[in-house]
Structure formats: structure tokens, C-alpha cells
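There are 2 protein chains.
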Amino acid sequence: MRTLRLALAQVNSIVGDLEENFRKIVHYVEQAVTCDADIIAFPELSLTGYPAEDLLLRPEFIDDNLECLRKLIPYSKHITILVGFVDRRDDIFNAAALLHKGALADIYHKQFLPNYSVFDENRYFQEGKRLPIYKLNGINIGVNICEDIWYPGGPTRHQSLYGNAEIIINISASPYAIEKVFSRNKMLSVRARDNEVIVAYVNLIGGQDDLVFDGNSLILSEDGEVIAKAPAFEEALVVADLHPDNVFSKRLHDPRRRKEKLFVPANMEIQQIQLESLEKKTKQKIPAAMIAGDLERVEEVYNALKLGVRDYTYKNHFSKVVLGLSGGVDSALVCALAADALGSKNVTAVSMPGKFTSQSSKDDARQLAENLKVNFREISIDTLYNAYLSELTPFFEGKSPDLTEENIQARIRGNILMALSNKFSWLVLTTGNKSEFSTGYCTLYGDMAGGFAVIKDVPKLLVYELCRYRNKIAGYDLIPDSILTKAPSAELKPGQKDSDSLPPYDILDPVLEAYVERDLAFEEIVSQGFDAEVVKKVIRLVDLNEYKRRQGAPGIKITQRAFGKDRRFPITNGYRHGR
Amino acid sequence: MRTLRLALAQVNSIVGDLEENFRKIVHYVEQAVTCDADIIAFPELSLTGYPAEDLLLRPEFIDDNLECLRKLIPYSKHITILVGFVDRRDDIFNAAALLHKGALADIYHKQFLPNYSVFDENRYFQEGKRLPIYKLNGINIGVNICEDIWYPGGPTRHQSLYGNAEIIINISASPYAIEKVFSRNKMLSVRARDNEVIVAYVNLIGGQDDLVFDGNSLILSEDGEVIAKAPAFEEALVVADLHPDNVFSKRLHDPRRRKEKLFVPANMEIQQIQLESLEKKTKQKIPAAMIAGDLERVEEVYNALKLGVRDYTYKNHFSKVVLGLSGGVDSALVCALAADALGSKNVTAVSMPGKFTSQSSKDDARQLAENLKVNFREISIDTLYNAYLSELTPFFEGKSPDLTEENIQARIRGNILMALSNKFSWLVLTTGNKSEFSTGYCTLYGDMAGGFAVIKDVPKLLVYELCRYRNKIAGYDLIPDSILTKAPSAELKPGQKDSDSLPPYDILDPVLEAYVERDLAFEEIVSQGFDAEVVKKVIRLVDLNEYKRRQGAPGIKITQRAFGKDRRFPITNGYRHGR
Chain A
1 MRTLRLALAQ
11 VNSIVGDLEE
21 NFRKIVHYVE
31 QAVTCDADII
41 AFPELSLTGY
51 PAEDLLLRPE
61 FIDDNLECLR
71 KLIPYSKHIT
81 ILVGFVDRRD
91 DIFNAAALLH
101 KGALADIYHK
111 QFLPNYSVFD
121 ENRYFQEGKR
131 LPIYKLNGIN
141 IGVNICEDIW
151 YPGGPTRHQS
161 LYGNAEIIIN
171 ISASPYAIEK
181 VFSRNKMLSV
191 RARDNEVIVA
201 YVNLIGGQDD
211 LVFDGNSLIL
221 SEDGEVIAKA
231 PAFEEALVVA
241 DLHPDNVFSK
251 RLHDPRRRKE
261 KLFVPANMEI
271 QQIQLESLEK
281 KTKQKIPAAM
291 IAGDLERVEE
301 VYNALKLGVR
311 DYTYKNHFSK
321 VVLGLSGGVD
331 SALVCALAAD
341 ALGSKNVTAV
351 SMPGKFTSQS
361 SKDDARQLAE
371 NLKVNFREIS
381 IDTLYNAYLS
391 ELTPFFEGKS
401 PDLTEENIQA
411 RIRGNILMAL
421 SNKFSWLVLT
431 TGNKSEFSTG
441 YCTLYGDMAG
451 GFAVIKDVPK
461 LLVYELCRYR
471 NKIAGYDLIP
481 DSILTKAPSA
491 ELKPGQKDSD
501 SLPPYDILDP
511 VLEAYVERDL
521 AFEEIVSQGF
531 DAEVVKKVIR
541 LVDLNEYKRR
551 QGAPGIKITQ
561 RAFGKDRRFP
571 ITNGYRHGR
Chain B
1 MRTLRLALAQ
11 VNSIVGDLEE
21 NFRKIVHYVE
31 QAVTCDADII
41 AFPELSLTGY
51 PAEDLLLRPE
61 FIDDNLECLR
71 KLIPYSKHIT
81 ILVGFVDRRD
91 DIFNAAALLH
101 KGALADIYHK
111 QFLPNYSVFD
121 ENRYFQEGKR
131 LPIYKLNGIN
141 IGVNICEDIW
151 YPGGPTRHQS
161 LYGNAEIIIN
171 ISASPYAIEK
181 VFSRNKMLSV
191 RARDNEVIVA
201 YVNLIGGQDD
211 LVFDGNSLIL
221 SEDGEVIAKA
231 PAFEEALVVA
241 DLHPDNVFSK
251 RLHDPRRRKE
261 KLFVPANMEI
271 QQIQLESLEK
281 KTKQKIPAAM
291 IAGDLERVEE
301 VYNALKLGVR
311 DYTYKNHFSK
321 VVLGLSGGVD
331 SALVCALAAD
341 ALGSKNVTAV
351 SMPGKFTSQS
361 SKDDARQLAE
371 NLKVNFREIS
381 IDTLYNAYLS
391 ELTPFFEGKS
401 PDLTEENIQA
411 RIRGNILMAL
421 SNKFSWLVLT
431 TGNKSEFSTG
441 YCTLYGDMAG
451 GFAVIKDVPK
461 LLVYELCRYR
471 NKIAGYDLIP
481 DSILTKAPSA
491 ELKPGQKDSD
501 SLPPYDILDP
511 VLEAYVERDL
521 AFEEIVSQGF
531 DAEVVKKVIR
541 LVDLNEYKRR
551 QGAPGIKITQ
561 RAFGKDRRFP
571 ITNGYRHGR
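Written out as C-alpha cells, the structure reads:
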């Protein structure tokens, strides 16, 4: 029975940090060697991190990445290494290097470059054309990269059908979105079945600015059944013994294959590459490959956010964070996430009550900080607010109070947090959610001030779910119940409620999802049963507030369409919907 | 003698404002009809504005644009109209519609989609394949779109060589960069000569968020000589009589053509389309076509900035602006630009002296405001600054003063300007230059607070040049000489000078240009004669401050590489240069 012992290294690369990525790759190679693996695969561009953006336009960065690849070659004496890097020829390519017996055996170039959603790969790379098939220990292996496997008629199909690949190894950098893992795994399973091929998929983990990569690396049999599965949001080394002998038998039973094989696409260039077998030795037995369980939806989001905030903080060389604790649900969630991600002692929560802050908000903020065991400060904004009013009133020429005065309060709080950040080198976490961020129900340089917007892509209703999830884990009201039950308010004027300015969140959130995430037209949203005036107002608010979002801090994408790289709208925009 | 009377309408479209763009197109069509023009051409995507970004992912926006195109068809009874729009088939295309005799005669699809620099066209459009040649009044006309003509072997070549085009009309949306017009015109002239074809190039004008389009539409003879040229930065209708009879004669003398013609590329699909001639009538004589002069470099930049700030203000429905006037050179330039762009009475300049502000700065600010006749306010920040210090000192636990206290002052100023903005619906203009923005020598939510960053892409040395240019125009020291001669200082602590923190600007600016604009490696910059420690420091500052720039207001691209869409760097970035 032919067997390939495959290791998938689900690593957390750092964009640009070639030395650290190299060190990490070597570490996992050495681990895989102790497991007697034949081959170890690392994610897409794991040497450079993903996405490296315009670093890819710097020739010395490309050359430094090649130098790291060269340094890695000797580590392939006892194991074949498949690693993502940037190849340089007359142009650059998103590539996978196959290192074998202490030499660079071959290089595969990614064929399908994604240039939608958060991806800009046409900006950087030339497309590959060549489809190599590697023969190792008598087994045909096809390698391809991320997007390649999302095309049903792409490299996976061609390598399996015309190149007789028995195993496909796809190296990926696939960013997280809610429950995307299920559709991705379903797709991978169908690819395996459609092509009667074993599919091994290795994905990056870790946070990079707006993105979190979720891992969830996977090995599927030629029947599409799970052989191994890595956990989400943590590094892992998956080792499994693959037995491709059944592939040929399956294929004999599949008449579709035989017929389709007669239609060879033009320009397809399959190349068989024989790799010298590694020295035979009796391999130690290994335990059955890990099959990590699936996360429930809210747990998944919570873990994505936790990893996102942890990685943004550490990868940017902060160790401590500070945030404003209002007594509301958004800052409560961010505080819990920060404490979980970084440890309570590295989190400082600041309550900044003003004249419109209720006693219950102050109490709730204090109680939450106590429950979470984070550092707590209280700084009243009243003196400063009065000082602003008395300085500015002469210039306001008898105008009545309006949003101006509300924003001043929010901006004082922003200034205080930034002063603490400057003085103590703490990263400021902002606490606004996606519903606010969408409608502009937030103050530029006020509550929007800070380095990382942890929940900017989390709609308000999901904020509540996440809090309740966290309380369930804690086994008690870690986040005080009053925080979860009071009516949301910015507390910037007497008796203010979010519902004075916005539709109720159980209407707002689905309308926003339809408009922002799914790009539905006004009429389509109304036809789902929403009030036309409400829909019109929400659309207007979203369009009008692009200027605020443009100056917002980066934060973690969790939905299928986040603001920023994922949804690129003009600020100057004369389009009027629903005429 | 065959003659084509061609009109080029160099219009200022507004992204998304289909009705307004339609109205403007009709206006110019009517004007061209009164000039007896045979054909009028509008810029690329002039119906939708450019770049429409993710509006292009909304089907109803595409359909509304098609509806506007349909409404335009009847206006083509007496003139052929060539207009840029988004075509919808099974996919969408960046397209040019040819409207003729009250019907949609044909559609051309752009073949080369730019996806570099500020462009993301692969995100939106499918590429065209078909190359039509229109025969009108016995003249062969080839149409293509923007990027198409930048490829020497692209549509212009094929339409001329294999389609026998005598006139190429290229409709464009080509954003401004310093002196780009010269290289563009040189390229167009070489295309005309290489292909012995008359080239008519019509470009958009106007500001759109970070971009300004410069117009400079151009008609060149088959010798590459200028037949007509529109001015920069203003709308214009250029009308010229084109005589293509010499094209054939030129081609008989060119043996290169005959030889190359034997090598027809695969898949090239040229299609001749005969357009019924418009009713013959005696045409009125028209004056010789306009040939606008070239702008001198600094004048060109000044006009680009003026148009940029005007369009951002008006297109976003503001009529008045406010800015902080420090007495320094940056805010002086922005104030002059705003006054020139919007009228003095629509500009409010606010002097916000603090305890470290020199008397000369206060005097200079006041004098400048007087010279420019803008509204002037003075608001001291001292009371507020002292209030912050007394509120925060207990939390600073005996730490000594540092950047924190400097930033507090800047942020108080930001808050004051934002309060005025909120109260009076004035747009806040920020005044930071590119040298500061590159090195992070600016305060988030402080001097960076505002809606539009007019000179964010203008290096400090060029700021001085622009001020001197403005004074030259004025014929006196409109911007007081002391502003131009004093040592630059943020005046946030006693005796502070920019040169305490940064290299002198005559070193800093060229190093920044090498690193930011040209992506040169550390060693290359040092090899140009700059001190290695200085270069290392500048690179470190640029890399470290990506997080600040990410939250900066949009501002006008004038260099070959502006921050933002044009230079997309990760914040989380472990790459270390010059090891």
C-alpha cells in the first residue's frame, strides 16, 4: 500500500517579518521531521505574510524573501517542504516552492489571482500557466494555491484529470468571515469527490490589520470525507498518513472522467516531475490525525475577534491597551475581549462620566471592570466640558445647542484616552459597532479615536449575542445584566436614546445587512417588508457617512462585507437611490 | 477633401450623479450642434463619473446609467455622440457608446484595464475583445478608451494598421500628477506618428476625493503635431476640422507598416461599421481650434490644488470652509488656496494661540487673514490646555512632560475647529504637508482633524515654492515674508523647531521622494549620497506612521505616488530595511 505521511503547518505569519516567519517555518519543519513526515506544507505566502500589499512593489523585499527561501533549502534533506513565497523571474509570482533532498526541486505559480472583495492580487502578480505533477514515493501530487481551488474547472480539475494527481495540496491564505468555513469545507469536499482526489488544504491563521485568518486546515479523502481537521484560530501541525490506492479504483467506476478527458483545453501544459524517493526507513506509528470540532457561530466570532485584537496589539509591539468604558454593551464586549486576549492586567478601562451619564452607567462600568479584573480609572469630563462651553459660546452667536455639544463630550473622552496612550504607550481600542459605523452614529476624533476598532464589523444585535456567549462561558453575569437590558444610549444629552435617531436595531441591522453587505437595491429591501421611509433614511445615512468611516481605525472583518478594503465607496458620491 | 468636424467636451463629471452628468452632456451636445460638429466625444465614464468604485457592484446603478444613455440617444439626430458609460451584457464593461442618427449605433469595450497605482479596474470590469472601425463621411475612425492607448501594440496600433483607421478618438479619465501632461502628450504624439493616424484625446477634469483630473485634451495630426489643445483644470469644448487625406499619403511612404501588416495577431477581430452620413449641409466656418498654453510646474500644481479643494467642497454640498491659521507656511498656503477656490468670504481662518505660540506667529496669522480678506477668529487654547493638565496630572503619576502634552494642544485645536464645523456646517480643511504626513510629524485628531487634507501630497519645499508663486501673482507679499523665512516650528513646547525632530527639509524631501514615491531600497538611497543614519531614520518614521496616515482625511494627489489608494502599505509590517 502506497502511503504519504503529510504534515500541514497552520502557522501565524507576520507580514514583512521574514526572519520571524523563517524561524517559525524551520521550527515546524523540525517537528514534522520528528514525526517522520514525508512532506510538510505551509500556507500561501507564509514566508512573507499575507497580504503584503505594496511591500511587493519593493524589489529588495522580493530579494530578501528569496534569500530566506534559499536558507530554507538545506532543511529539506530529510523531508520535502512546500512553502509559499514570492517568486521572481521577469515578473513576480505568488508561488509555492517544493524543496526536496536539499535542493529547490520545483516552483508552482498561482494561476487564478483574486481581485475582488479584500483581494488585489492583479495589482502585484503575473499569472502562472504551468501545471506540474510531482511523483513522490510513487504517488502523484498536484500543488495549487488558494483561489486556484475555488474554480471547479481550474488547476485541481486539470491536475486530477489530465495529470492523474491522486493528492492535491492547496496552500491558502483565506480570510475569516462568519461561518465561511462551512461553505469552504463543502466546496473542498465537492472538489475531492468531483475529481476523486485526496484534498489537503492548509490555511494561515492570525490577524493582519483588518483581516483574521481562521486556519481550519483540512484533509479530505477522495470520497470527500474528513481525514484530518485543524482547529480554528490557533497554530497547529496536522500529520496524517494518506493512502491514495483507492483513487484509481474510484476512477475506474466513474464514466464521467473518461468522457471529459477527451476534451483537452488548449494551452494546457502538464509536466510530470519525478522526485527521488527519500531514504526508506521504518516509520514510527503516529496517532490518528486530529479532527478538531466545529465552533458554534457566536463562539467562532468571539474567537476571531480575540485573535484579531491580540495579533494587532502584539504584532504592532504593544503590550497593553486602554479603552473607554461607558457602561454600555459595546465597550463591555471590547473590554471582555481585550481581557481574554491580552490578560486582565494589560487592560486599563477608563470611565469618563459627564453630566448626562447616569449613575447606573457609572456603576455598571465599575462593576464590569471589577468582574474582569482590569485596571480601572474614573475621570470626569465635566470640568473640561464646561471649559469648552465657556471658551466657545462667544463664537456660537446665540445658536442653540445641537450635535456640536454632544460631539465635544465625545472628543474630550477621545483626547483623554489618547493622552493616556501617549503617556504610557497603551494602544487605544475603540468600541463602536458596525451599526453605528454604518450610520455615522459615532463621533470622529471622539469615540472613533483609537488605534484599533475591535468590533467595527459587528452589528449591534450580534454584540448582544457575543456578550451573552461570554457570560455563558463565565457561568455568571460577568457582563452585568443591566448592561444587556438597558436601552442603548450615547448619554450625550438629557434622556437621549439611540432609538431617537435610529430605527430599532432589529430593523436597522437587517436593513444594513441588505444594503451594505449584499448591495441590494432600495426596492428589493422594501420588498422584504421594511418601511420605505426607514430604508431610505438608512441608505442616506450609510452614503453620507463614508467620510467618517474613511478616517476610522482598522478593525476586524467578520461579515461577508466589511467597510474598507472590502467595500470601497467614494466619499464624493452623487448617486441617489430609490428615485 | 474629406473633413470631419470633431468636438471634444472636456467635462467635470460628478461620481454617481447621473442626472447632473446627463444634463451637462446634453448641454455640450447642443453647443457642438450649433458649431455644426459631425461628432462630439466625452471622456471615459463621463456618464457615471470616475472612479465610481463599488457603486459599480450595484446592479441598479448600472441600470440607471443605461437609462441615462437611452435618454441621450435622441440627441444624436444631428450629431454623432461618443460617450463613456458602463455597458451591461452578461458582465459589465468600461464602454464607449456611439450614438448616431437617433440610434445606438455601436458600443466599444475597453480592452486594457489598469489595475495599478490608483486604479482597480480588474475589480469591476470584463475586458473587451472586439475592435470596431467606424466609417463616417468616408473617414475611418477608431475609438478606444484611456489605458488602451498607453499600449504601443494595443488597440490604437491594431485599429490603424489592420483596420485602416485614419482618426483615433481616445476617451480618457487620466488623473493629474506633476508634469504628467508632458509625458502623456509625448506618448500621444509618438502614437500618432508611429501609426500615421490623427489622435484625438479627450480627458475629464475635476476633483474626486483624492484625485484631480487635469483635462488637457489634445488633438494631434498624423505627424504628431498639435492641432488643438484644451486648457488644464477647466471645462472646455474644443472644436476642430480634421483632414485625414494626408494619412494615406504618409502611409505610402512608410515601409515599416507594410511589413508589420503581414503578422496579424491571433484572435484579433476588426469589424468595419458603416455609419450613414448625416445630412449634407454647408457648414459655418469655425475659428481656428484653440491651442491652450502649457502651465509652468508650480502654477500647474497650484491650479490642481485649487480645483481639488473647490470640487471636494462643492460636490460634498459645503459652501464654506474653516481652517486653523498657525502663522506657519502650510496653513498660509491652504488659506490662500481656499480663498482663491471658494472666495474669501467663504473662508474662516482661526488663530488658536497657546502658551508656546510666538507673538510673530500670531501677528503673521492675523496679517495673512487680512491680506486674503478671509474671516478671522482668535481663540486661545490656554484655559483648555490648563484644564486638561490639571485633570490629567493625577493620572500621570509623576511622569515628565513629553509628546503627550504637545498632542493635547494640537487636539484642543482640532476640537475647536470641529466644533465650529459642527455648529456652522463648515468643512474643516487640514493643513499638513506630505513631509509631515510621511514622517508622522503631525497629531492624530489634532492638526490631522478635518474633512479634506488639501496639501497632504505636497512636500514641504514645494509648499514654499507655491507660496512664492502665489505672491508673485499677487504682485506683493500676500503671504507675509516672515512666514516664508522663519524656521518651521510646531510651537508645542518652548523653543521647538522641526529640525529638532526631522532632518532639514532639503535632505528630508528628496529622501522621502526616493523611498515613498520611487520605492528605492535603503542602499540605493544611501548611494545617492545621503547619510545612512538619516535614511534609516526616515524609513523607520515612514513605516511606523502608516497607522496615522490610515486615519488621515483624503487629499489631492499631485505626486507620482500619493499615500492612500496609490501606495497601499500594511500597518502591521515587520519588514526591516537595510539590514
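As given, the protein sequences belong to chains A and B, one line each in that order.
FYI, in the numbering used here the residues of the first sequence are 1 to 579.
FYI, in the numbering used here the residues of the second sequence are 1 to 579.
Glycine included, each C-beta is placed from N, C-alpha and C at the ideal position.
Straight-line gap, residue i to residue j (C-alpha atoms, nearest Å)
i	j	result
A:Lys581	A:Gln111	Absent from the model: residue 581 of chain A. The displayed extent of chain A is 1 to 579, so no value can be given.
A:Lys186	A:Glu225	10 Å
B:Thr559	B:Ile507	18 Å
A:Asp36	A:Lys101	15 Å
B:Asp509	B:Leu333	18 Å
A:Lys460	A:Ala177	17 Å
B:Thr431	B:Gly450	9 Å
A:Leu323	A:Val143	45 Å
B:Tyr385	B:Leu484	28 Å
A:Gln551	A:Glu67	38 Å
B:Arg470	B:Arg561	25 Å
A:Ser489	A:Asp498	5 Å
B:Arg297	A:Phe563	38 Å
B:Glu299	B:Leu466	8 Å
A:Glu617	B:Phe42	Because residue 617 of chain A is not part of the residues shown, which for chain A are 1 to 579, the question remains open.
A:Val458	A:Tyr302	10 Å
A:Asp311	A:Pro51	15 Å
Of the listed residues the options, nearest to residue i (C-alpha basis)
i	options	result
A:Thr313	A:Ser326, A:Asp209, A:Ala230	A:Asp209
B:Pro394	A:Phe395, A:Ser390, A:Ser380, A:Gly398	A:Ser380
B:Val284	B:Ala341, B:Leu429, B:Asp38, B:Ser351	What sits at residue 284 of chain B in the sequence shown is Gln, not Val. Checked all of B:Ala341, B:Leu429, B:Asp38, B:Ser351; the closest Cα to B:Gln284 is B:Asp38.
A:Ser496	A:Ile416, A:Leu252, A:Lys355, A:Thr572	It is Gln, not Ser, that sits at residue 496 of chain A in the sequence shown. Closest option to A:Gln496, Cα to Cα, is A:Lys355.
B:Leu520	A:Arg5, A:Arg2, A:Leu6, A:Asp54	A:Asp54
A:Glu196	A:Phe569, A:Asn246, A:Glu234	A:Asn246
B:Arg130	B:Phe318, B:Ala266, B:Val11	B:Ala266
B:Val428	B:Val454, B:Leu444, B:Leu403, B:Glu436	B:Val454
A:Lys269	A:Pro503, A:Asn545, A:Tyr108, A:Asn433	In the sequence under discussion, the amino acid at residue 269 of chain A is Glu, which differs from the Lys named in the question. Per the Cα distances, A:Tyr108.
B:Asp447	B:Gln359, B:Asp330, B:Lys493	B:Asp330
B:Leu278	B:Pro114, B:Leu72, B:Gly138	B:Gly138
B:Ser326	B:Ile273, B:Leu492, B:Asn316	B:Leu492
B:Lys399	A:Ser360, A:Leu392, A:Asn422	A:Asn422
Cβ-Cβ separation, residue j to residue i (assumed contact under 8 Å), whole Å
i	j	result
A:Leu211	A:Val118	6 Å
Given 8 Å, three or more beta-carbon pairs between the stretch 407–420 of chain B and the stretch 514–530 of chain B: The answer is no - the stretch 514–530 of chain B does not touch the stretch 407–420 of chain B, with fewer than three Cβ pairs under 8 Å.
Touch test, the stretch 440–447 of chain A against the stretch 274–292 of chain A, Cβ-Cβ under 8 Å, three pairs minimum: The stretch 440–447 of chain A vs the stretch 274–292 of chain A: no contact.
Cβ pair count under 8 Å reaching 3, the stretch 560–578 of chain B against the stretch 466–478 of chain B: Judged by Cβ distances under 8 Å, the stretch 560–578 of chain B makes no contact with the stretch 466–478 of chain B, as fewer than three pairs qualify.
Interfacial residues, the stretch 304–329 of chain A to chain B, with Cβ spacing under 7 Å: Correct list: Tyr312, Lys315, Asn316.
At least three beta-carbon pairs within less than 8 Å, the stretch 343–363 of chain A to the stretch 376–392 of chain A: Using a C-beta cut-off of 8 Å, the stretch 343–363 of chain A makes contact with the stretch 376–392 of chain A, since at least three inter-stretch Cβ pairs fall below that distance.
Residues, ordered as in the chain, of the stretch 104–131 of chain B that lie near chain A by beta-carbon distance below 8 Å: Result list: Asn115, Tyr116, Asp120, Asn122, Arg123.
contact_flag[the stretch 187–203 of chain A, the stretch 162–173 of chain A] where n(CB pairs < 8 Å) is 3 or more: Per the Cβ contact rule, the stretch 187–203 of chain A is in contact with the stretch 162–173 of chain A (3 or more Cβ pairs under 8 Å).
Members of the stretch 338–358 of chain B near chain A, C-beta cut-off 8 Å: Listed in chain order, the positions of the stretch 338–358 of chain B with a beta carbon within less than 8 Å of a beta carbon of chain A would be empty, since no residue qualifies.
Cβ contact (3+ pairs, closer than 8 Å) linking the stretch 249–258 of chain A and the stretch 47–65 of chain A: Touching, no.
Where the stretch 35–61 of chain A meets chain B: residues whose CB sits under 8 Å from a CB there: Listed in sequence order: Gly49, Pro51, Ala52, Glu53, Asp54, Leu55, Leu57, Arg58, Pro59, Glu60, Phe61.
Where the stretch 504–522 of chain B meets chain A: residues whose CB sits under 7 Å from a CB there: Result list: Asp519, Ala521.
Residues, ordered as in the chain, of the stretch 169–190 of chain A that lie near chain B by beta-carbon distance below 8 Å: Cβ contacts with chain B: none found.
Residues in the stretch 285–304 of chain A having any Cβ partner in chain B nearer than 8 Å: So the list is empty, because no residue satisfies the distance condition.
Residues of the stretch 550–562 of chain B with Cβ closer than 9 Å to any Cβ of chain A, in chain order: Residues Arg550, Gln551, Gly552, Ala553, Pro554.
Near-chain A residues of the stretch 3–16 of chain B (beta-carbon distance less than 8 Å), N- to C-terminal order: With the criterion set as a beta carbon lying under 8 Å from some beta carbon of chain A, the members of the stretch 3–16 of chain B are Ile14, Val15, Gly16, in sequence order.
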